[in-house]
Amino acid sequence: MNRLFRSILELFSRSIRILKSYGISHFTRRLWKYLKKQGWRNILAAGDLNVQYQKWLHRKSRQNNEITKHIMDKPGPAISILMPVYNPKKDHLAEAVQSVLSQTSPNWQLCIIDDGSTEQDVKSYLDSLAELDTRISVQRHEVNQGISEATNSALKMAESKYVLFMDQDDILRPNAISAFKKFLSETEEDSPDLVYADEDKYDELSRKRIDPFFKPGWSPHLLHSFNYIGHPVVVRKDLVEQVGGLRKDFDGAQDHDLLLRLSDLPIKVERIPDVLYCWRISVRSTADGWEAKPMAARAGCIAIEESFQRKGYSVKVKHLVDTGTYDFRLDIKSKDKVSIIIPTRNNGKVLKKCLNSILNKSSYSNYELIVIDNGSTDENTLKYLDCLKTQKNLKVLIYPEEFNYPMINNFGASHARGNHLLFLNDDTEVISSDWMESLIEHSQMPDVGAVGALLIFPNGLIQHAGIVIGMRGSASHAFYKCDAQSPGYFNLIKCVRNVSAVTAACLMIKAEIFAKVGGFNADFRLGLNDVDLCLRLLKMGLYNVYTPHARLVHYESMTRGEYIEEKEIELFKNLYQEIISKGDPYYHPELSLERNDYSLAV
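In this text, residue positions in the sequence shown follow the working numbering: the first is 30, and each later residue adds one.
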């Protein structure tokens, strides 16, 4: 009952803001869409997250004094804060400026551009700032030029090597500049080019900090799904100038466009796993929903299209209003052959269901099927395998040795003729007709290693949506047994994103890359062989990708289940002690390793 009450309060708070801003008609439409999309299970989860977050904030506040002492005296370059201003509420602007003045590090410059404000109290307040602190500089545009041009003008005022972008009504946490300085050494070869940190939101109605976003490490594919970097972000000034600054045509999504253009460069990116920035939820802020700024959505679509075009790919991009994310689908450059490799044993009925779904539902036609029989003795299975031998583009191979999942799949790969290998469990069933295209569109990219799918149990719960290293001891599936219709934590279930590993129950990889990495490791006879493969791909400098567009049912446990031998777990921990101790780069140290739902570790 307490959980339900808290969640209703969260929903009520947001409803009041929308009613005040847009009226009853808009509110009714938006509420219906929200309830239809989210469902009560996810509304309850959002309430739980914010309750967890209040506990997290309480725990953090007790640590802050010690942390501040530790990082205050760290050497590092000054940071110029760029703040474009246009007719904000004067109190909100004053609070934003005060959050800069309250920084524990004194080594900053605040560059404010008044972009033609007409409110007299705002103009008077800005006039007073130069006398308040010499580190604050204020210049004016006589006529409003838009946020991109205003930010570019602020960039010209910046005297520091690094710049931080800040909105006119948001709040920097007191230790923000100190935390960034810790990451920014004066030595050119050691210093990162771009550093970002976590953020939350400030709800004026409840006067609480809510909706913390604990971000993954550098994830270029996720950046195309939405601007997950957001605020705060610190970038080398010369790199911003090198790519041409912010572009006026992208006002509303100017930050996203800038980050996508910066990502074209060979930049070094770091993440600070701490909440250093607070968005204010206000009318017509993207913090309060994408319906507030449709122009931002249109600009974001174009920014993503241009980003892929610069890489040589055609793409279709659609903005999803309910989640604020982007659904992008890359055109496939070459209709290369895919070799689908399916191990099986005494599983004729299940295998038949799998193969029929591939043959009857797949819209991609250039593929071959390789079924590997590992010593079947069941009479019906053997009869079915004999029938398959007459099928076009399908071969049945016999692997007579004892069960070893890596060896069986490596054996199948050695007989494959495709440019892409698709390892598939026999207890899967295709849902989406374009499942192969959805995998190929990412596998075709030269910097991609393995690509994995959204696998769903027959009851509609998630079996696989990426793998987190260190979860439940060694590695475990993200969002395991969460509702497949749910968007998940910050919509990550619905987003194409980078992950450390994907399951080999459905895994695509270029044949050339598979050979170069050495195939599956036979020491992992039963489990963790897919995770081991993916981590070796990461060491090669490749990205592993999860896509929600390739969807299959996985009847897991109808075959071998999830059993992993203890010696395999120990081997995995020995080989990958560093990543386990440091934490999965695509997860977050403040998120739970005991639960799979991205809840906070409190």
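Built from N, CA and C at the ideal position, the CB exists for glycine as well. In this text the structure is predicted, and so the values were computed from the model without any measurement.
Three-state class that DSSP yields for Y355 in the structure shown:
If you number the sequence shown from 1, residue 355 lands on position 326. Three-state result, Y355: strand.
Whole-angstrom distance between G274 and I301, CA atom to CA atom
Within the sequence shown, numbered from 1, the residue matching residue 301 stands at position 272. Within the sequence shown, numbered from 1, the residue matching residue 274 stands at position 245. Roughly 24 Å between the two C-alpha positions.
Using 10 angstroms around the beta-carbon of N603, count the other beta-carbons present and answer buried if the total reaches 16, otherwise exposed.
As a working mapping, residue 603 is identified with position 574 in the sequence shown. Answer is exposed; the Cβ neighbour count stays below 16.
Closest to A107 by C-alpha separation, out of R169, K211 and E334, would be which residue?
Stepping through the sequence shown from its first residue, residue 107 is reached at position 78. Cα-wise, what sits closest to A107 is K211.
Test item: CB-CB of G499 and D356 under 8 Å
In the sequence shown, the residue the question calls residue 499 occupies position 470. In the sequence shown, the residue the question calls residue 356 occupies position 327. Contact flag unset, no.
Expressed to the nearest angstrom, what Euclidean distance is found between the alpha-carbon atoms of M587 and A534?
The residue you call residue 587 lines up with position 558 of the sequence shown. The residue you call residue 534 lines up with position 505 of the sequence shown. Caution applies to M587, whose pLDDT of 49 falls short of 50 and renders its modelled position unreliable; the model cannot decide the point.
Given 8 Å as the limit, is there contact between the region 243-261 and the region 525-534, that is, 3 or more CB pairs closer than that?
With the rule of 3 Cβ pairs closer than 8 Å, the region 243-261 counts as touching the region 525-534.
So, with DSSP's three-state summary, where would you put T147?
Within the sequence shown, the letter at position 118 stands for residue 147. T147: coil per DSSP, three-state reduction.
For W464, name the three-state secondary structure that DSSP assigns.
Residue 464 sits at position 435 when you count from the first residue of the sequence shown. Helix at W464.
Out of D351, G489, D455 and D227, which has the shortest C-alpha to C-alpha gap to P372?
Numbered from its first residue, the sequence shown carries residue 372 at position 343. The residue with the shortest Cα to Cα distance from P372 is D455.
Assuming Q197 contacts L122 (C-beta within less than 8 Å), just tell me the rounded distance between them.
What you label residue 197 is simply residue 168 of the sequence shown in a count that begins at 1. What you label residue 122 is simply residue 93 of the sequence shown in a count that begins at 1. The beta carbons of Q197 and L122 sit about 6 Å from each other, so the pair counts as a contact at 8 Å.
What is the C-beta distance between Y191 and R265, in whole angstroms, given that I count them as a contact (C-beta under 8 Å)?
Counting from 1 along the sequence shown, the entry for residue 191 is found at position 162. Counting from 1 along the sequence shown, the entry for residue 265 is found at position 236. Going by Cβ atoms, the distance from Y191 to R265 rounds to 6 Å, so yes, they are a contact pair.
When the Cβ atoms of the region 280-290 are set against those of the region 552-564, are three or more pairs found closer than 8 Å?
no
Mind checking V172: buried by the 16 CB within 10 Å criterion, or exposed?
Locating residue 172 in the sequence shown gives position 143, where the first residue counts as 1. Flag for V172 reads exposed.
Determine the contact status of V480 and H471, defining contact as a CB-CB distance below 8 Å.
Sequence index remark: in the sequence shown, residue 480 carries index 451 (1-based). Sequence index remark: in the sequence shown, residue 471 carries index 442 (1-based). Going by C-beta atoms, V480 is nearer than 8 Å to H471.
Beta-carbon within less than 6 Å of L155's beta-carbon, same chain only, minus the 5 sequence neighbours each way: which residues are those?
For this step, residue 155 is matched to residue 126 along the sequence shown. These residues qualify, in order along the chain: D143 and V167.
Using the Cα positions of K66 and P577, report the straight-line distance between them to the nearest angstrom.
Here residue 66 corresponds to residue number 37 of the sequence shown, with the count starting at 1. Here residue 577 corresponds to residue number 548 of the sequence shown, with the count starting at 1. Unreliable placement is indicated for K66, whose pLDDT of 49 sits below 50; no coordinate value is reported for it.
Here's a check: name, in chain order, each residue in its chain whose Cβ is nearer than 8 Å to the Cβ of V344, leaving out the five neighbours to either side.
What you label residue 344 is simply residue 315 of the sequence shown in a count that begins at 1. Answer for V344: I333, E334, F337, Q338, F357, R358, L359 and D360, listed in chain order.
May I ask you to report which of helix, strand or coil DSSP gives P618?
Position 589 of the sequence shown, counted from the start, is the residue given in the question as residue 618. In the three-state reduction of the DSSP assignment, P618 falls in the coil class, being assigned neither a helical nor a strand state.
Among the candidates N573, L288 and D626, whose CA atom is the shortest distance from the CA of G517?
For the purposes of this step, residue 517 is taken as the residue at position 488 of the sequence shown. Ranking the options by Cα distance to G517, first place goes to D626.
Distance check for H617 and A630, CA to CA, integer angstroms please.
Mapped onto the sequence shown, residue 630 falls at position 601. Mapped onto the sequence shown, residue 617 falls at position 588. Rounded to the nearest angstrom, the two C-alpha atoms are 10 Å apart.
By Cβ distance, which residues of its chain are closer than 8 Å to E397, with the 5 residues on each side in sequence left out?
Position 368 of the sequence shown, counted from the start, is the residue given in the question as residue 397. Counting only Cβ-Cβ distances below 8 Å, and skipping sequence neighbours, we find K366, V367, S368, I369, N422, L423, K424, A445, R446 and G447.
Taking only the alpha-carbon atoms, compute the straight-line gap between Q473 and E585 and give it to the nearest angstrom.
Stepping through the sequence shown from its first residue, residue 473 is reached at position 444. Stepping through the sequence shown from its first residue, residue 585 is reached at position 556. C-alpha separation (whole angstroms): 28 Å.
Check for me: the beta strand (DSSP E) holding E299 runs from which residue to which?
For this step, residue 299 is matched to residue 270 along the sequence shown. Here the beta strand (DSSP E) through E299 covers V298 to I310.
Host alpha helix (DSSP H) of F664 (start-end)
Only positions 30 to 631 of the chain appear in this structure, which leaves residue 664 out of reach.
Could you tell me how far apart the beta carbons of Q299 and V224 are, in whole angstroms, since I believe they sit closer than 8 Å?
As a first step, residue 299 must be located in the sequence shown, where it is residue number 270. As a first step, residue 224 must be located in the sequence shown, where it is residue number 195. This sequence places Glu at residue 299; Gln is not what is there. About 5 Å separates the two Cβ atoms, so the contact holds.
Own chain, CB closer than 6 Å to L483, minus 5 neighbours either side, in chain order:
The residue labelled residue 483 in the question sits at position 454 within the sequence shown. Contacts found: A494, P577 and R580.
Taking the alpha-carbon positions, what's the S146 to A325 distance?
Here residue 146 is taken as the residue at index 117 of the sequence shown, counted from 1. Here residue 325 is taken as the residue at index 296 of the sequence shown, counted from 1. Looking at the two C-alpha atoms, the distance is approximately 21 Å.
Can you name the start and end residues of the alpha helix (DSSP H) that I608 belongs to?
Residue 608 sits at position 579 when you count from the first residue of the sequence shown. It spans Q606 to K611 - the alpha helix (DSSP H) in which I608 sits, taken as one unbroken run.
Between which residues of its own chain and A507 is the CB-CB distance below 6 Å, once the five residues before and five after are set aside?
The residue labelled residue 507 in the question sits at position 478 within the sequence shown. Closer than 6 Å at Cβ, skipping near neighbours: A494, G495 and V497.
Bounding residues of the alpha helix (DSSP H) (the contiguous stretch that carries L128):
The residue you call residue 128 lines up with position 99 of the sequence shown. For the record, residue 128 in the displayed sequence is Ser; it is not Leu. Bounds of the alpha helix (DSSP H) holding S128 are K119 to L130.
In the DSSP assignment, find the beta strand (DSSP E) that holds H493 and state where it starts and stops.
Taking the first residue of the sequence shown as position 1, residue 493 is located at position 464. Counting along the chain, the beta strand (DSSP E) containing H493 begins and ends at I491 to H493.
With the cut-off set at 8 Å, would you say D227 and V304 are in Cβ contact?
Within the sequence shown, residue 227 is the residue found at index 198, counting from 1. Within the sequence shown, residue 304 is the residue found at index 275, counting from 1. Yes, these two residues count as a Cβ contact at 8 Å.
Three-way DSSP call (helix, strand, coil) for E397 in this model
Along the sequence shown, one-based indexing puts residue 397 at 368. E397 falls in the strand class under three-state DSSP.
Residue burial classification, F553 (beta-carbon count within 10 angstroms, cutoff 16):
Translated into the one-based positions of the sequence shown, residue 553 becomes position 524. Flag for F553 reads buried.
Along the chain, where does the alpha helix (DSSP H) containing R276 start, and where does it finish?
As a working note, residue 276 is residue 247 in the sequence shown. Element bounds for R276: n/a, residue is neither H nor E.
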